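First up is the structure itself, then whatever we jot down about it.
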Amino acid sequence: MPTVSAAQSKAAEPTVLSEGRRAPGLLSRGQPWKPETLGIQLRGGAAISTLELGAGDFLLRARLCVDERKGQGAGLVLGENQIVVDAPGGVEWSGPLFSQFQKPVAFKLAASAVFTLEVERSGEQLSVRVDGELAGTGRSGTGHVGGFGLVAGKGTLRFDRFEARGVLLPPSPEDKLAKLEGAIDAAIERGVAWLIEQQQRDGSWGNHQTVYPAGMTGLALYALQRAGVRADHPSIQRGYAYLDSVEPRETYGMSFALLAYGSPTESIRRPSARSACRS
């Protein structure tokens, strides 16, 4: 009969992320949490694990309490997935990890009642239990899960113990950077779209500024091209046509016009810049 080594036995023990008012394995996100007599309160914030959940079997267990059951998004997040524990019917789930789950079993959980939520994966089978009773189960694969933690959503969530067992890994710097780069790219795209929408019919930006007719337009053209908008884009062409039609007479307008004319994609317009400097 095979024996279990001390290392294997230790690996099977859960990692305690929080107990009582202490949470050494969690980081606060959004609204700061509030330590209470029996635990920690989240109101509109989150308590995210300092570690990520890797591939293979795992168990997450938390003792929770919610003030109201109005479906305000309080619960447990696992990567791109979430289990909501303040739904009127008990618990709900969403995300690719639960795509093959059956319909949740209705639980009559009273508001302010303390209960234990467990999420366990064994092989490819994922199970959700409330106070030891099965709430739902289904196949989930065995891949990397990612970050996990407790969130309050728009409600209030209290917890006095949160623990995890499985392959717990430090967050990958590369993954964090990739997510950050994606968010930055998306923000730039939204900014470009908004700025183009603000262009006036005559090709200018901010043409209500009678004192600096070239400054706002030059700044907008420079920003759009630095953000990657091509020189042959209609908005860029109309902007330069307007800029060519005005004559800056002040430092502000001249400076931003020169920035726009000095763009690497606008070498053809540099005679316009030299002409502006001589005028």
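Numbering (this note's numbering), first residue to last: 72 to 350. From the three backbone atoms N, C-alpha and C, an ideal C-beta is built for every residue, glycine too. Every value quoted in this text rests on a predicted model; they were computed, and no experiment measured them.
Which residue's Cα is closest to the Cα of residue i: the options?
i, options, result
"residue 111", "83, 200, 230, 218", "230"
"residue 98", "262, 152, 121, 202", "121"
"residue 270", "305, 238, 257", "305"
"residue 95", "232, 311, 296", "232"
"residue 141", "225, 215, 90, 107", "225"
"residue 132", "90, 107, 161", "90"
"residue 240", "252, 256, 257, 219", "219"
Could you pull the start and end residues of the alpha helix (DSSP H) that residue i belongs to?
i, result
"residue 327", "322 to 332"
"residue 316", "305 to 316"
"residue 297", "286 to 297"
"residue 158", "Unbroken run through residue 158 is the beta strand (DSSP E), 152 to 158; no alpha helix (DSSP H)."
"residue 351", "The requested residue 351 does not occur in the structure, where the chain is confined to residues 72 to 350."
"residue 83", "77 to 83"
Which first and last residues belong to the beta strand (DSSP E) in which residue i is found?
i, result
"residue 99", "97 to 101"
"residue 271", "Note, residue 271: premise wrong, no beta strand (DSSP E); not H, not E."
"residue 117", "116 to 137"
"residue 235", "227 to 240"
"residue 206", "204 to 210"
Thinking C-beta only, is residue j closer than 8 Å to residue i?
i, j, result
"residue 293", "residue 254", "no"
"residue 154", "residue 199", "yes"
"residue 235", "residue 88", "yes"
"residue 173", "residue 207", "yes"
From the DSSP output, which residues share a beta bridge with residue i?
i, result
"residue 193", "196"
"residue 219", "149"
"residue 112", "105, 229"
"residue 165", "153"
"residue 201", "188, 204"
When every heavy atom of the ligand FAD is checked, does at least one fall within less than 7 Å of the C-beta of residue i?
i, result
"residue 156", "As far as ligands go, the structure on display features none, and thus does not contain the ligand FAD."
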